[in-house]
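Heads up, the thing below is written out as structure tokens.
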Amino acid sequence: YIPTLTFPVGAAYNVNSFGQQRLDPVTGQVLGGGTVTNPSYSVGARANLTIFDGFNRERTLSAAQAREDAAAASITSTIFQNRLTVTNAFFDALANEELLKVNEAAVSRAQQQLAVASARLQSGAGQRTDSLGALVQLGQARQQLLNAQASLATAEANLGRLVGVEGRVAATDDPSFYVQPTLLDTAGIRTEAIAASPGVRTSEANLEASRQQLRASRSGYWPTITASASSDWTANKQNDYTLEPRRNLLFQMNFSPWSNLQRETQIENASIQLDNQIAALADQKRQISAQLTQQFAALGNARESIDVAQLSVTAAEENVRITEQRYRLGVATIFDVLQAQEQLTSAQVSEIQARFSYLRAKTQIEALIGRRL
957 YIPTLTFPVG AAYNVNSFGQ QRLDPVTGQV LGGGTVTNPS YSVGARANLT
1007 IFDGFNRERT LSAAQAREDA AAASITSTIF QNRLTVTNAF FDALANEELL
1057 KVNEAAVSRA QQQLAVASAR LQSGAGQRTD SLGALVQLGQ ARQQLLNAQA
1107 SLATAEANLG RLVGVEGRVA ATDDPSFYVQ PTLLDTAGIR TEAIAASPGV
1157 RTSEANLEAS RQQLRASRSG YWPTITASAS SDWTANKQND YTLEPRRNLL
1207 FQMNFSPWSN LQRETQIENA SIQLDNQIAA LADQKRQISA QLTQQFAALG
1257 NARESIDVAQ LSVTAAEENV RITEQRYRLG VATIFDVLQA QEQLTSAQVS
1307 EIQARFSYLR AKTQIEALIG RRL
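In terms of this note's numbering, the sequence shown opens at residue 957 and continues consecutively.
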């Protein structure tokens, strides 16, 4: 769309011969003839503009704009993927923090049970195996606590690395994380994701770029019309170095009926690229649909698992309370108490895992559709 400008500057040193040289037969000298030097200088300005190139510029510009749209959509997709990575790391740190609290509570229960078993042994109402069993349970609880502390340190260090902070970064809990929508429009979300998710927008923009590139490659069948204008000033010794102007305006049309199949090869390559982008777009939509199906199922399972796990925790807490009372009365054994405590710890861990499975599935859906639910 913009003409090309050039400013040529030149200098020449011309040597011209005149007359005809002859040889004097008497003296043997060369007579007649001679040379004249004529230095010259030139300066000019030239402009060239392509008026028509078979719509190649328009197609190339459209392809570039489509690639720009694809890059913008790719940036959006990358932002949500990075957000997904950081969010998962955040939830890992938060989940490990809650698991640490569960293991601390398990150690506290084991210590209390060891104290009860030791007191019963000293009073003669208990057995030595009760104290040994409680001691083993305490050792296992402490080992699990150490593992939980190591897992928390690792998770917080990974979170710090992702957010660009040296050392560990603690995750702060928020009740709003666990707010569950009463009804999730899965059909609407699927339609939205297939139509306008960042991944689909990227594939659609790449498809449009390939389509415009194919049209641009066909422009070689059209003639090319160019215009050129020039102004030159020359000066030489003969005219006493007076600048003499000369102007020129030229319109030219070129047409190439044969290009050794280079044009056809470019068209075929562009057509293959277009077919590949069509297949990539269709595959992208199927992939998003499959991932949404997987995450919707994970979201539903996690929601049900949360309710079941919360009931299990309530039941396990009551079971521990009753079993400990029965043990103090001599009705239950130490193994009944230890089993009840293990069931409570397992139920609490399952409840934490269910809650964070729900959050991760929700975050996966948000990354797919490119917005928050």
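Every residue, glycine too, gets a C-beta built ideally from N, C-alpha and C.
Kindly indicate the opening and closing residues of the beta strand (DSSP E) around residue i.
{"i": "Ile1181", "result": "Thr1180 to Asn1192"}
{"i": "Phe963", "result": "First-last for Phe963: undefined, no H or E at that position."}
How many angstroms separate the CA atom of residue i from the CA atom of residue j?
{"i": "Ser1215", "j": "Tyr1177", "result": "10 Å"}
{"i": "Glu908", "j": "Arg1039", "result": "This structure cannot settle anything about residue 908, because the visible part of the chain is limited to 957 through 1329."}
{"i": "Tyr1134", "j": "Arg1311", "result": "7 Å"}
{"i": "Leu1094", "j": "Glu1060", "result": "11 Å"}
{"i": "Pro1213", "j": "Lys1318", "result": "59 Å"}
{"i": "Gly1027", "j": "Thr1158", "result": "Strictly speaking, residue 1027 in this sequence is Ala, with Gly absent from that position. C-alpha separation (whole angstroms): 7 Å."}
{"i": "Arg1167", "j": "Ala1143", "result": "31 Å"}
{"i": "Asn994", "j": "Thr1190", "result": "12 Å"}
{"i": "Ser1184", "j": "Tyr1197", "result": "27 Å"}
{"i": "Asp1130", "j": "Gln1099", "result": "29 Å"}
{"i": "Val1125", "j": "Leu1102", "result": "19 Å"}
{"i": "Ala1075", "j": "Ser1132", "result": "45 Å"}
{"i": "Leu1205", "j": "Gln1037", "result": "57 Å"}
{"i": "Ala1106", "j": "Ala1049", "result": "11 Å"}
{"i": "Leu1118", "j": "Val1042", "result": "6 Å"}
{"i": "Gln1233", "j": "Leu1163", "result": "5 Å"}
{"i": "Ala1104", "j": "Ala1062", "result": "12 Å"}
{"i": "Pro959", "j": "Thr1182", "result": "10 Å"}
{"i": "Ile1223", "j": "Ser1173", "result": "5 Å"}
{"i": "Leu1315", "j": "Phe1047", "result": "8 Å"}
{"i": "Arg1284", "j": "Ser1079", "result": "12 Å"}
{"i": "Ala1003", "j": "Gly1120", "result": "53 Å"}
{"i": "Ala1066", "j": "Val1072", "result": "10 Å"}
{"i": "Ser1030", "j": "Glu1160", "result": "11 Å"}
{"i": "Ser998", "j": "Asn970", "result": "13 Å"}
{"i": "Asn1114", "j": "Ala1045", "result": "7 Å"}
{"i": "Thr1128", "j": "Val1287", "result": "44 Å"}
{"i": "Gln1208", "j": "Ser1175", "result": "17 Å"}
{"i": "Leu921", "j": "Ala1226", "result": "Coverage of the chain is limited to positions 957 through 1329, which leaves residue 921 absent and any answer about it impossible."}
{"i": "Phe963", "j": "Asn1192", "result": "19 Å"}
{"i": "Leu961", "j": "Ala1001", "result": "7 Å"}
{"i": "Pro1179", "j": "Val1156", "result": "37 Å"}
{"i": "Ala967", "j": "Leu1005", "result": "27 Å"}
{"i": "Thr1032", "j": "Glu1322", "result": "12 Å"}
{"i": "Gly1123", "j": "Leu1108", "result": "13 Å"}
{"i": "Gly1116", "j": "Ile1007", "result": "58 Å"}
{"i": "Thr1289", "j": "Gln1069", "result": "12 Å"}
{"i": "Phe1252", "j": "Ser1245", "result": "10 Å"}
{"i": "Leu1140", "j": "Arg1146", "result": "11 Å"}
Can you have a look at residue i and say buried or exposed, based on whether 16 or more other CB atoms are within 10 angstroms of its CB?
{"i": "Pro1201", "result": "exposed"}
{"i": "Gln1243", "result": "exposed"}
{"i": "Gln1194", "result": "exposed"}
{"i": "Thr1034", "result": "exposed"}
{"i": "Gln1218", "result": "exposed"}
{"i": "Val1264", "result": "exposed"}
{"i": "Glu1112", "result": "buried"}
{"i": "Thr1279", "result": "buried"}
{"i": "Leu1267", "result": "exposed"}
{"i": "Arg1084", "result": "exposed"}
{"i": "Ser1064", "result": "exposed"}
{"i": "Arg1203", "result": "exposed"}
{"i": "Gly1326", "result": "buried"}
{"i": "Asp1086", "result": "buried"}
{"i": "Ala1020", "result": "exposed"}
{"i": "Gln1240", "result": "buried"}
{"i": "Val1276", "result": "buried"}
{"i": "Val1269", "result": "buried"}
{"i": "Ala1051", "result": "buried"}
{"i": "Gln1169", "result": "buried"}
{"i": "Leu1329", "result": "exposed"}
{"i": "Ala1258", "result": "buried"}
{"i": "Gln1250", "result": "exposed"}
{"i": "Ala1238", "result": "exposed"}
{"i": "Leu1199", "result": "exposed"}
Hey, could you find the ends of the alpha helix (DSSP H) residue i is sitting in?
{"i": "Arg1282", "result": "Gln1218 to Arg1284"}
{"i": "Phe1046", "result": "Asn1012 to Ser1079"}
{"i": "Phe1207", "result": "First-last for Phe1207: Glu1200 to Asn1210, but that is the beta strand (DSSP E), not the alpha helix (DSSP H)."}
{"i": "Leu1324", "result": "Ile1290 to Ile1325"}
For the 8 Å Cβ check, are there 3 or more pairs between the stretch 1286-1301 and the stretch 1071-1090? Because the criterion of three Cβ pairs below 8 Å is met, the stretch 1286-1301 and the stretch 1071-1090 touch.
With a threshold of 8 Å, are at least 3 pairs of Cβ atoms found where one atom belongs to the stretch 1300-1307 and the other to the stretch 1051-1068? The stretch 1300-1307 vs the stretch 1051-1068: in contact.
Does the stretch 1005-1022 come close enough to the stretch 1150-1159 that 3 or more CB-CB pairs lie under 8 Å? In short, these stretches do not touch, since the Cβ pair count stays below three.
Can you check the stretch 1101-1182 for any alpha helix (DSSP H) of at least 4 residues that lies completely inside it and give the ranges in chain order? Fully enclosed alpha helix (DSSP H) runs of 4 or longer: 1142-1152 and 1154-1173.
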